[in-house]
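Have a look at the structure below before the remarks.
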Amino acid sequence: MTSPIVIATRESRLALWQAEHVQARLQTELGLPARLLGMTTRGDQILDQSLSKIGGKGLFVKELEVALSEGRADLAVHSLKDVPMELPEGFVLAAVLEREDPRDAFVANHYASLAELPQGACVGSSSLRRVTQLLALRPDLRVEPLRGNLDTRLRKLDEGGYDAIVLASAGLKRLGLGARIRAWFEVDQMIPCAGQGALGLELRADAPQLAEAVARLSHTPTWQACEAERAVSRALGGSCSLPLAAHAVPADGGLRLTAALGHPTQPTLPLLKVALAAPVASLSDARALGQAAADQLRAAGAERYLAG
Ligand SMILES: NCc1[nH]cc(CCC(=O)O)c1CC(=O)O
């Protein structure tokens with residue numbers, strides 16, 4: 001009997017849901033038994049500072065990669081949007097699963113939508129991408145930092161610390177909290193982050209057999225879209241201290257990609273936005289589209305924003 005595949009996961013409720021989802025799919029679709037190895041990452045421990053200040057997205061994946069490299073785990077399940085644009089040497093992204101709803105959600109107890117918020121209302125978000133797009137829609141709002149896992153953020157809203165908060169719809173739905181969503185931001189109004197709503201499966205690069213097996217769980221249209229989105233970010237430096245949004249949707253046999261860049265320290269400067277479409281038949285076509293979007297952002301003046 002082969003020993004079960006060990007899945008390294010963070011221990012937030014969302015991370016566990018995602019790991020269990022992959023565990024179930026390995027079992028039912030591939031006949032591969034799997035078990036979970038839960039672990040706490042630095043990103044889970046440090047909750048009083050914004051992620052962009054303490055080292056970025058990588059904080060959520062580093063400990064899982066250590067478990068992979070030490071052979072304590074075989075597979076790590078990540079929210080793709082938390083995965084750095086360049087994986088460290090020795091690791092590969094072996095599959096991207098079909099995307100959940102990629103939209104951001106408006107969550108509030110007393111207001112049904114962004115438009116209903118009174119002048120000067122307080123909205124919670126620590127995401128520079130959300131902050132800059134919120135202020136572009138409603139310059140009067142006061143945006144205050146809000147970190148923690150989804151349950152913590154909802155509790156802080158319920159305790160009255162904010163009039164509204166913005167969260168990824170995918171996470172809320174996965175946790176059965178979809179009823180908390182009062183309104184959705186359309187993707188052209190609040191462009192999602194690269195990879196939002198998708199799960200990525202990471203392996204050691206020296207495990208080609210497992211890579212081949214898990215690739216069967218992958219969803220090609222989602223992977224191509226996410227590859228284009230991630231390429232925009234990679235081409236602009238890939239840092240999570242940049243308010244960068246990138247979202248691609250299938251269109252006419254290819255992809256339509258929209259991206260927006262805000263200024264990292266001056267959230268009220270105008271957002272630079274681009275939209276382009278191209279036929280896409282492979283991951284490298286998708287990367288080329290993302291690169292082209294980044295080139296257009298540079299042509300539109302991104303340099304000034306990237307310098308800080
Ligand atoms: N940044 C944390 C994070 N990472 C993944 C999700 C939600 C699930 C997803 O978008 O795939 C969230 C919560 C949020 O942004 O509100």
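Mapping of the sequence shown onto full-length UniProt numbering: residues 1 to 308, in sequence order.
Glycine is no exception: its CB is placed at the ideal position from the N, C-alpha and C atoms.
If you're wondering where the values come from, they're calculated on a predicted model, not measured in any experiment.
Between the C-alpha atoms of L36 and E116 there is a straight-line separation of about 43 angstroms. For K62, the uninterrupted alpha helix (DSSP H) segment begins and ends at 62–69. The beta carbons of Q133 and M190 sit closer together than 8 angstroms. Exclusion of D151 from the 7 angstroms shell around ligand 1 follows from its C-beta lying no nearer than that to any non-hydrogen atom of the ligand.
Listed in chain order, the beta strand (DSSP E) runs fully inside the stretch 172–258 are 181–184, 199–204, 244–251, counting runs of at least 3 residues.
Within the same chain, and ignoring the five residues on either side of R155 in sequence, no residue has its Cβ closer than 6 angstroms to its Cβ.
The beta carbon of L283 sits closer than 7 angstroms to the beta carbons of W223, Q224, E227 from its chain, once the five residues preceding and following it are set aside; these are given in chain order. Under the DSSP assignment, G38 falls outside any alpha helix (DSSP H), being part of the beta strand (DSSP E) whose first and last residues are 34–39. For T9, the enclosing beta strand (DSSP E) has its first and last residue at 5–10. In this structure D74 is buried. Its beta-carbon is surrounded by 16 or more other beta-carbon atoms within 10 angstroms.
Judged by their CB atoms, L306 and A198 are not nearer to each other than the 8 angstroms cut-off. Contact annotation: A248 and S233 have beta-carbon atoms that are not nearer than 8 angstroms. Note that the stretch 267–282 does not touch the stretch 211–220; fewer than 3 beta-carbon pairs, one per stretch, sit closer than 8 angstroms.
Take the alpha-carbon of P102 and the one of A170: they are about 6 angstroms apart. Here the distance from the Cβ of A168 to the nearest heavy atom of ligand 1 is below 7 angstroms. Residue nearest to G262 within the set A251, P243, L80 is P243 (criterion: CA-CA distance). In this structure, the beta-carbon distance from L80 to G200 falls below 8 angstroms. Shortest gap from the CB of K273 to any heavy atom of ligand 1: 7 angstroms or more.
Between G290 and A231 a beta carbon distance of about 3 angstroms is seen, short of the 8 angstroms cut, so the two are scored as contacting. Short note on Q291: C-beta not closer than 7 angstroms to any heavy atom of ligand 1. With respect to the C-alpha of A168, the residue from E144, I181, R13, D285 having the closest C-alpha is I181. Of A164, G124, R130, G160, the smallest CA-CA separation from G148 is found for G124. When DSSP states are grouped into helix, strand and coil, E159 belongs to the coil group. From the listed residues F185, L137, A136, the smallest Cα separation to V107 is found for F185.
Note on R142: under 16 other CB atoms within 10 angstroms of its CB, so exposed under the neighbour-count rule. When DSSP states are grouped into helix, strand and coil, L114 belongs to the helix group.
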